[in-house]
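Undergrad: Questions regarding the structure given below will be posed in turn.
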Amino acid sequence: TVGAVALDINGNLAAATSTGGLTDQLKGRVGDTPIIGGGTFANNEVCAVSCTGEGEVIMRGALAHEVYAMMKYAGHSLQAATEKAIQLHADKLQGDRGILSMDSSGKVAFGFNTGFMKRGYWAADEEPFVALWESE
Amino acid sequence: MKKFAIAIHGGAETTKPSELDNKKEEAYKDGLADALKAGYDVLEKGGSALDAVEAAVNSMERNPLFNAGRGASLTERGENEFDAAIMDGNTLRVGAVGAVRYVQHPISLAKVILQKCDYCLLVGTGAEEFALANNLSLKGPEYFVTPEKKEAWLDKQQNKVEKKRMPGSMTD
């Protein structure tokens, strides 16, 4: 799965996610990517989110919308909301999870429980950043 | 300068450092850098966040290293099936596609659905017909299926056959 979130000069946020699914998945299986609030969500007031990982876990947890809800209703920071969504219902919903999120100021958060997530960030007048491993 | 920013991901997997050589690591980083630049260029010219995320994702859909578009995983039948979604945080409009097989850039189809369709999510042949009606590029399996993904699929099929042959694994 691949995804992107962005903030433009007019203060608009957007999120996009695209995937080939899982190797050997059943024909007709649709994952979290096109489920709004599951794998993809954006609202200018709060944040934009794109998820990757095991789709069934992300859909059952409605994880993209959870990041939004934890920021809007519980007052969490982007980073805290993203990290909490990675752990949400972890006792019942086990599987790979990765979340990319950006708030309305252009701050970014990456959360993942896999140790490895291909990722990058580039803000105006800053150097681009790309990383793979958790330690980077 | 007004603030603008883009961030991307190319998937999260449980992978150990020993399972990935330096060459592949560098290729992943190059692919990420290309996608970031595609999105950043849109924003730098004053383009919309919607266009920027599409451009970044298009870049990764073209790159066979990532699991989207060309080089994506294969279903149990050895076929590609793509899902994609795009959402505009300003209007809360959304476009999404599920289980499309021939659309070169599923995220671009999702954007056309967002912009031109009364519905949020189209799947299968209906989505492909919508792509055709809107002059989006379609491609055959020879474009999407890479030797690496074919091999991964064949390994899975072989494992299934071997599992069935193992004594004690039979069910009645």
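Read top to bottom, the protein sequences are chains A and B. The first sequence lines up with residues 219 to 354 when you count with the working numbering. The second sequence lines up with residues 32 to 203 when you count with the working numbering. Here a beta-carbon is modelled for each residue, glycine too, at the ideal position from N, C-alpha and C.
Exposed or buried, which one is Leu140 (chain B) when buried takes at least 16 other CB atoms within 10 Å?
TA: Residue numbering aside, residue 140 (chain B) sits at position 109 when the second sequence is read from its first letter. Leu140 (chain B) is buried by the Cβ-count criterion.
Undergrad: According to DSSP, simplified to helix, strand and coil, what is Leu278 (chain A)?
TA: Taking the first residue of the first sequence as position 1, residue 278 (chain A) is located at position 60. A small fix is needed here, since residue 278 (chain A) is Arg in this sequence, not Leu. Looking at Arg278 (chain A) - three-state DSSP - the assignment turns out to be helix.
Undergrad: Can you list the residues of chain B that Thr227 (chain A) reaches, using a CB-CB cut of under 8 Å?
TA: Counted from its first residue, the first sequence places residue 227 (chain A) at position 9. Checking the sequence shown, residue 227 (chain A) turns out to be Ile, not Thr. Lys33, Lys34, Phe35, Leu74 and Gly77, listed in chain order.
Undergrad: The alpha helix (DSSP H) with Arg93 (chain B) in it runs from where to where?
TA: Here residue 93 (chain B) corresponds to residue number 62 of the second sequence, with the count starting at 1. Residues Ala80 to Arg93.
Undergrad: Under 8 Å, do Val84 (chain B) and Ala233 (chain A) count as touching if we go by C-beta distance?
TA: Counted from its first residue, the second sequence places residue 84 (chain B) at position 53. Counted from its first residue, the first sequence places residue 233 (chain A) at position 15. Cβ distance < 8 Å, so Val84 (chain B) and Ala233 (chain A) count as in contact.
Undergrad: Is the beta carbon of Lys1 (chain B) sitting closer than 8 Å to the one on Thr241 (chain A)?
TA: Nothing in the structure corresponds to residue 1 (chain B), since chain B is present only between 32 and 203.
Undergrad: Find out if the Cβ-Cβ distance for the pair Val128 (chain B), Ile144 (chain B) is shorter than 8 Å.
TA: Numbered from 1 along the second sequence, position 97 holds the residue referred to as residue 128 (chain B). Numbered from 1 along the second sequence, position 113 holds the residue referred to as residue 144 (chain B). Yes, the Cβ-Cβ distance between Val128 (chain B) and Ile144 (chain B) is below 8 Å.
Undergrad: DSSP three-state call for Gly329 (chain A): helix, strand or coil?
TA: As a working mapping, residue 329 (chain A) is identified with position 111 in the first sequence. Looking at Gly329 (chain A) - three-state DSSP - the assignment turns out to be strand.
Undergrad: Whose C-alpha, out of B:Asn166, B:Lys181, B:Gln189 and B:Arg132, is nearest the C-alpha of Val248 (chain A)?
TA: By 1-based counting over the first sequence, the position of residue 248 (chain A) is 30. Considering only B:Asn166, B:Lys181, B:Gln189 and B:Arg132, the residue with the shortest C-alpha distance to Val248 (chain A) is B:Arg132.
Undergrad: Compare the C-alpha of Phe35 (chain B) against each of B:Asp65, B:Asp61 and B:Val73 and name the closest.
TA: In the second sequence, the residue the question calls residue 35 (chain B) occupies position 4. Considering only alpha carbons, the answer is B:Val73.
Undergrad: Using DSSP with H/G/I as helix, E/B as strand and the rest coil, what is Asp114 (chain B)?
TA: On the second sequence, residue 114 (chain B) is found 83 positions in, with the first residue counted as 1. Strand.
Undergrad: Could you tell me whether the stretch 294 to 309 of chain A touches the stretch 322 to 339 of chain A, using the rule of 3 or more Cβ pairs below 8 Å?
TA: yes
Undergrad: Helix, strand or coil for Val285 (chain A) per DSSP?
TA: Working through the first sequence from its first residue, we reach residue 285 (chain A) at position 67. Helix, per DSSP.
Undergrad: Do we get a CB-CB distance below 8 Å when we pair Ser236 (chain A) with the residues of chain B?
TA: The count along the first sequence starts at 1 and reaches residue 236 (chain A) at position 18. Interface residue, yes.
Undergrad: Measuring CA to CA, which of B:Cys148, B:Lys33, B:Leu67 and B:Lys181 is closest to Gly109 (chain B)?
TA: The residue given as residue 109 (chain B) occupies position 78 in the second sequence. When each option's Cα is compared against that of Gly109 (chain B), the closest is B:Lys181.
Undergrad: Suppose you measure from the CA of Ile37 (chain B) to the CA of Val223 (chain A); what does that come to, to the nearest Å?
TA: Taking the first residue of the second sequence as position 1, residue 37 (chain B) is located at position 6. Taking the first residue of the first sequence as position 1, residue 223 (chain A) is located at position 5. Straight-line Cα distance between these residues: approximately 6 Å.
Undergrad: When you check each C-beta in the stretch 331 to 354 of chain A against every C-beta of chain B, which residues fall closer than 9 Å?
TA: Asn331, Thr332, Gly333, Phe334, Met335, Lys336, Arg337, Gly338, Tyr339, Trp340, Ala341, Ala342, Asp343, Glu344, Pro346, Phe347, Val348, Ala349, Leu350 and Trp351
Undergrad: What are the start and end residues of the alpha helix (DSSP H) that includes Tyr339 (chain A)?
TA: In the first sequence, the residue the question calls residue 339 (chain A) occupies position 121. From DSSP, Tyr339 (chain A) is part of no alpha helix (DSSP H) but of the beta strand (DSSP E) over Phe334 to Ala341.
Undergrad: Can you have a look at Leu350 (chain A) and say buried or exposed, based on whether 16 or more other CB atoms are within 10 angstroms of its CB?
TA: Translated into positions along the first sequence, residue 350 (chain A) becomes position 132. Result: buried.
Undergrad: Using DSSP with H/G/I as helix, E/B as strand and the rest coil, what is Leu67 (chain B)?
TA: Indexing the second sequence from 1 puts residue 67 (chain B) at position 36. It is helical.
Undergrad: Anything in the stretch 121 to 132 of chain B with a Cβ closer than 8 Å to a Cβ of chain A? List those residues in chain order, please.
TA: Listed by position, the residues of the stretch 121 to 132 of chain B near chain A (Cβ gap below 8 Å) are Asn121, Leu123, Val125, Ala127, Val128, Gly129 and Ala130.
Undergrad: Here's the rule I'm using: 16 or more other beta-carbon atoms within 10 Å means buried, otherwise exposed. How should Pro172 (chain B) be labelled?
TA: One-based indexing of the second sequence puts residue 172 (chain B) at position 141. Exposed.
Undergrad: The alpha helix (DSSP H) that contains Ile254 (chain A), what's its start and end?
TA: Residue mapping note: residue 254 (chain A) aligns to position 36 of the first sequence, counting from 1. Here Ile254 (chain A) belongs to no alpha helix (DSSP H), and DSSP marks it neither H nor E.
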